[in-house]
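Undergrad: Structure in structure tokens, see below.
Protein chains in written order, with the UniProt record's numbering: chain A, 1 to 408; chain B, 1 to 408.
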């Protein structure tokens, strides 16, 4: 996290997407999954300026195609409908039709134009949506008993073991502006834009281009800096809705409170990203790798992601083994031009590698450090002044168990 | 494997590096490891033309530095000395000195110039070699009781569960030319040029440039097309020694029997590479991915390696789950420009994806196929006529077990 500038941003860990003014959310079980919520929504009282970032996987899922086309019309949405348990990916023409059908049906329930509804999905790839369950679900989802943010954050989960939400508040033009977020993601996580779904709401008054600019900048430093298994999903998406109900003057990059908004957006995104990494399939630990002293931002990111993606580093940390040689190896094959003798590596407070050589350290102490739930690795490249932080998780028996039998 | 041209190449699965004329090999336990052989050698009766390919990891281990410098002098070596249990990597100046000391000591024992001895190592990174054990070992290793190819192929192993060797014979100028190979490798395997060590001997008479050309071409299609865990080691090396004792006319690219030699070299390299992939840490299955219809060779390789590197594909195959969606996802994020609707994917004889949609298949039949020890995946991109094959292994509980506790 960069310094928070002069803007006071208050973090509200227990809050989420319904903290900003004018947003409601809910969820229900429509029968895609057994006994778990599988259909969720967010609705704004008024149309909200929208910006999204989407997976770079060529096999982009049907709902993402539909959502992108809709947002392109006037860069606004008023509602999001999400199903879990079925990704509606690799489902051809029928998949596109089903995504459109969901969009239309929910727009009808709300009495708004269909292009103001974003649809998205997460779950198994290559199976058609069970529309005979989803259609009746959409007809009932707005009933009062389904309305609760807790239902929404539950309804978007797949193999996740925990809900993921946060909110912040800052002042813009003397008005309190809230930013709330919810996310899911546990496997097939290597976002370039992972299945990772992120939903961020805000009552800020901001134009589309500026919202998209802020989202892209923040996503590259947060959601795109996590990995669970190196697999980039077909369904990744982060969507921000800004409904303007905070009534600040239109927020632009020149606005004196711009930094406060971006900082708030970054805190929300980083917290959601870290929650996804910590809840990686089978994971017992969050790993945070900070790379400093790079010649440029890209190099710092590549080195960080190379370490966080290494199966050998991930298993060593699961085994509480201070195997720094695997960290150094991952730096060495990252493709970034570095100077082997200039590098320093630390595991938590323990320096383990310097001047091309291992540092003496107390194995028992470092092993004790590695028993913690958050493991920090620091790399100093000593080549410049750029830095990046990446997040991931350990690789465990349970990852193999979960993924050896996910579908059948 | 490509067609074998008109050149008859006879495969001798039980033979290895001592089949070619004039090569001896041996191994012993010098005390680096407990109760297992850890020091091995190959010696040629006469200096042999040498060519090597080495890891692209920036942290290249000390013995590789010493070996490359030595081979550069006259492109010849007469002997190779290998230790396992300690990689002599990230060991700074002392590591380089130790590698040189090993080289000199073995050259003394043999009564040959030191630059004719190649040294290499595999094992833990970042610990200094126990020279107090290795030096006496070098003094004893040439004793008759240590001489046996079986000792050599054992002495180079680390977490490997099986020895890896093969030999072939072909005719050049009416002379029988033999090519023998031995390799080790089980973890930290993602060669660009893994720890993977390959040793190939031949009695062919061939010039250095042509030997290196053939080695590079063959390595790119074999050793560089395997992955176990995506981690490229600091110690990877494949070394070929050609001592000329078959007495064929000097082999060049224009020689009518060139193809036979290269085919033989490829069979040896491919077999060793596949043995490494099958013996990947914790692996129960060899996975072979063949990509056809690519616009160029590089695209075919990238797609093949993307699939073979996917933790989700690897765990699905461990779990005998026909989860083709993960294969398609890995194609989609490979970075290669493909046409989603043009692609076909098959698991063994079962077509699972075509025209952008899943094909109907009998789950029980495919699950039964996935119970086998060798799993073949076929991808047709339908964009051109280039192809590539990549090899890997499943990701299992035992991979996590082995790597959660390798060092301590």
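Ideal Cβ placement from N, Cα and C applies to all residues, glycine included.
#1: Determine the DSSP secondary structure at residue 397(A), reduced to helix, strand or coil.
#2: At 9 Å on the CB atoms, spell out the chain A contacts of residue 47(B), in chain order.
#3: At 3 residues or longer, what runs of the beta strand (DSSP E) sit wholly inside the region 38-65 of chain A?
#4: Going by CA-CA distance only, name the one from 144(B), 291(B), 158(B) that's closest to residue 308(B).
#5: Residue 282(A) to residue 367(A), Cα distance in whole Å?
#6: Whole-angstrom Cβ separation of residue 57(B) and residue 332(A), contact assumed at under 8 Å?
#7: Could you tell me which of 248(A), 90(A), 139(A) sits nearest to residue 101(A), measuring between CA atoms?
#8: Consider the Cβ of residue 345(A): report whether some Cβ of chain B lies at a distance smaller than 7 Å.
#9: Can you check the region 282-309 of chain B for any beta strand (DSSP E) of at least 3 residues that lies completely inside it and give the ranges in chain order?
#10: According to DSSP, what are the bridge partners of residue 358(A)?
#11: Let's see if you can read the secondary structure: which residues bound the beta strand (DSSP E) around residue 197(B)?
#12: Does any residue of chain B bring its CB to less than 7 Å from the CB of residue 219(A)?
#13: Whose CA, out of 253(A), 54(A), 250(A), 245(A), lies closest to the CA of residue 119(A)?
#14: Would you report the Cα separation of residue 63(B) and residue 384(A), rounded to the nearest angstrom?
#15: Could you give the DSSP three-state label for residue 427(B): helix, strand or coil?
#16: Where does the unbroken alpha helix (DSSP H) through residue 223(B) begin, and where does it stop?
#17: Using the beta-carbon count (16 or more within 10 Å), is residue 108(A) buried or exposed?
#18: Could you check if residue 161(B) is buried or exposed, using at least 16 other CB atoms within 10 Å of its CB as the buried criterion?
#19: Verify the CB distance criterion: does residue 262(A) have a CB-CB separation below 7 Å to chain B?
#20: Taking buried to mean at least 16 other C-beta atoms within 10 Å of its own C-beta, is residue 358(A) buried or exposed?
#21: Determine the direct distance from the alpha carbon of residue 287(B) to that of residue 328(B), and round the result to whole angstroms.
#22: Distance, Cα to Cα, residue 60(B) vs residue 289(A)?
#23: Examine chain B for any beta-carbon lying closer than 7 Å to the beta-carbon of residue 53(A), and answer yes or no.
#24: Work out the CA separation of residue 239(B) and residue 193(B) for me, nearest whole Å.
#25: With a cut-off of 7 Å, does the C-beta of residue 350(A) fall near any C-beta of chain B?
#26: I'd like to know if residue 1(B) contacts chain A, where contact means its C-beta is closer than 7 Å to some C-beta of that chain.
#27: What does residue 324(B) reach in chain C if we use C-beta pairs closer than 8 Å?
#28: Provide the residue span of the beta strand (DSSP E) that contains residue 239(B), from first to last.
#29: Can you pull the chain B residues whose beta carbon is under 9 Å from the beta carbon of residue 234(A), in chain order?
#30: If the cut-off is 7 Å on Cβ atoms, which residues from the region 310-322 of chain B count as contacting chain A, listed in chain order?
#31: Are there 16 or more other CB atoms within 10 angstroms of the CB of residue 271(B), so buried, or fewer, so exposed?
#32: Cα separation between residue 78(B) and residue 198(B)?
#33: Just checking, does the region 17-26 of chain A make contact with the region 147-155 of chain A on the three C-beta pairs under 8 Å criterion?
#34: With three or more C-beta pairs closer than 8 Å as the rule, is the region 313-326 of chain B touching the region 362-380 of chain B?
#35: Answer yes or no: does any C-beta atom of chain B fall closer than 7 Å to that of residue 18(A)?
#36: For residue 169(B), does the count of other Cβ atoms within 10 angstroms reach 16, so buried, or fall short, so exposed?
TA: On the basis of the data shown:
#1: In the three-state reduction of the DSSP assignment, residue 397(A) falls in the helix class, which pools H, G and I.
#2: Neighbours of residue 47(B) on chain A: none; closest Cβ ~33 Å, over 9 Å.
#3: Within the region 38-65 of chain A, the runs of beta strand (DSSP E) that reach at least 3 residues and sit entirely inside it are, in chain order, 39-54.
#4: Comparing alpha-carbon positions, the option among 144(B), 291(B), 158(B) lying closest to residue 308(B) turns out to be 291(B).
#5: Whole-angstrom Cα-Cα distance: 21 Å.
#6: About 4 Å separates the two Cβ atoms, so the contact holds.
#7: Considering only 248(A), 90(A), 139(A), the residue with the shortest C-alpha distance to residue 101(A) is 139(A).
#8: Cβ-Cβ to chain B under 7 Å: no for residue 345(A).
#9: Residue ranges of uninterrupted beta strand (DSSP E) with 3 or more members, entirely inside the region 282-309 of chain B and ordered along the chain, are 286-294.
#10: Note: residue 358(A) is bridge-paired with 353(A) in the DSSP secondary-structure output.
#11: Where residue 197(B) is concerned, the enclosing beta strand (DSSP E) stretches over 196-202.
#12: Closer than 7 Å: no.
#13: Looking only at 253(A), 54(A), 250(A), 245(A), the smallest Cα-Cα distance to residue 119(A) is reached by 54(A).
#14: Cα-Cα distance, rounded: 31 Å.
#15: Outside the displayed range of chain B (1 to 408) lies residue 427(B), so it cannot be described from this structure.
#16: Under the DSSP assignment, residue 223(B) falls outside any alpha helix (DSSP H); it carries neither an H nor an E label.
#17: Answer is exposed; the Cβ neighbour count stays below 16.
#18: Answer is exposed; the Cβ neighbour count stays below 16.
#19: Under the 7 Å criterion on CB atoms, residue 262(A) is classed as non-interfacial with respect to chain B.
#20: Buried is the call here.
#21: Spanning the two alpha carbons is a distance of roughly 16 Å.
#22: Rounded to the nearest angstrom, the two C-alpha atoms are 23 Å apart.
#23: No, its Cβ sits nowhere closer than 7 Å to a Cβ of chain B.
#24: The pLDDT assigned to residue 193(B) is 39, lower than 50, so where the model puts this residue is not dependable, and the model offers no usable value.
#25: It does not: the Cβ of residue 350(A) has no partner Cβ on chain B nearer than 7 Å.
#26: In this predicted model, residue 1(B) has a pLDDT of only 35, less than 50, meaning its place in the structure is not dependable; the value taken from the coordinates is given anyway. The beta carbon of residue 1(B) sits no closer than 7 Å to any beta carbon of chain A.
#27: The chain labelled as chain C is not found among the protein chains of the depicted structure, namely A and B.
#28: Residues 237-242.
#29: Ordered by position in chain B, the residues that pass the 9 Å Cβ test against residue 234(A) are 325, 328, 329, 332, 333.
#30: Within the region 310-322 of chain B, the qualifying residues are 310, 311, 312, 315, 316, 318, 319, 321.
#31: Buried, by the Cβ-count rule.
#32: Note on geometry: alpha-carbon atoms of residue 78(B) and residue 198(B) lie some 16 Å from one another.
#33: Contact holds: three or more Cβ-Cβ distances are below 8 Å.
#34: Touching, yes.
#35: Closer than 7 Å: no.
#36: Buried: at least 16 other Cβ atoms inside 10 Å.
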